[in-house]
Every structure is written in C-alpha cells, then in structure tokens.
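Okay, so here's the structure we're looking at.
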Amino acid sequence: IIHLIESLTDINNTSDHKNTKLQNPTLIQHIHNICIQHGHEIRQLLETKLQCIFNQVRDEYEQQCGQLITNIEHDIQQ
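The numbers in this note's numbering rise by one with no breaks, and the one at position 32 of the sequence shown is 45.
Written out as structure tokens, the structure reads:
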C-alpha cells in the first residue's frame, strides 16, 4: 500500500510534464502490479474506511434527528 501511495505521489510530482504515461511506463506498470497483487487489501482498507465514515454520518444524523424530535416535543408542550 505504501508503495502504491509513493507511486501515485511520483505521478503527481511529474504531472506537469506532457504524456506522463509515456514518460513513466515503468511507474505505471509498477502501480498496475501493486493493484493486482494487493487489490484485495486495498479494497478491504477502503471498505473499512468507508464503513467508518458511514457510521460517523449515521451517528450524527441520529443525534440531529433526536435533537429535532426533542425540540418539537418541547414546542408542542408549550
């Protein structure tokens, strides 16, 4: 995974040059090989991160809805 990030950083650093893919075929091949070899781990990491983000959003949503319901109930009682 670290190699993939470093490779992507290398591409970013050379993005000012035209035809980056043509100038860096070894780099592109290296990234491709990493994705093939470690695709499952990369997918698991992304799924874990997305699940964490989803849980945070869900918790915030539930908290906001709970507060809204409390406010509505309070307004009704007045």
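Note that the Cβ used here is the ideal one computed from N, Cα and C, for glycine as well. From a predicted model like this one, the values you see are computed outputs, not experimental measurements.
Does DSSP classify residue i as helix, strand or coil?
i     : result
Gln64 : helix
Gln91 : coil
Check the C-beta distance from residue i over to residue j and give it rounded, since I have them as a contact under 8 Å.
i     : j     : result
Cys48 : Ile55 : 7 Å
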